[in-house]
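Under our numbering, the first residue of the sequence shown is numbered 41, with each subsequent residue one higher. Just so it is clear, CB atoms sit at the ideal spot from N, CA and C, and this is done for glycine as well. So the structure is just underneath, and the comments pick up after that.
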Amino acid sequence: MPEDILSIPEAAAILGVSRIAVFKRVKSGSIPAFRVGRSWAIARADLPAARRPAGKPHTRSSPPSPPTPGEAPEELDSMGWD
């Protein structure tokens, strides 16, 4: 492909995300793309708009609390587990 046109794996490498994440964004329309045969092509110029704003990564402040005694079996019953 020409240098100004990227495949999904190339776009994923530039964005630092998985190929599946890029494909989902293409399918949702947040990254403009077009078909070339059975593959997708993305214009390099469209990638800056697809980058997520830089910010603090999401981290859990504390681990989740353990279930209280008797809580887990009730949850399993409501889900249909034996």
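Check	Outcome
Under the three-state DSSP convention, the category Ser68 falls into	helix
Three-state secondary structure assigned by DSSP to Val76	strand
Where the alpha helix (DSSP H) through Ala85 begins and ends	No alpha helix (DSSP H) contains Ala85, which DSSP labels as neither H nor E.
Rounded C-alpha distance that separates Ala53 from Arg59	8 Å
Sub-8 Å separation of Ile48 and Val57 beta-carbons	no
Residues bridged to Ile54 (per DSSP)	DSSP, once it has assigned bridges, lists no residue as partnering Ile54.
Own chain partners of Lys81 with C-beta closer than 8 Å, once the 5 adjacent residues on each side are dropped	Note on identity: in this sequence residue 81 is Ala, with Lys being the wrong assignment. The residues are Met41, Ile45, Leu46, Ser47, Ala73, Phe74 and Arg75.
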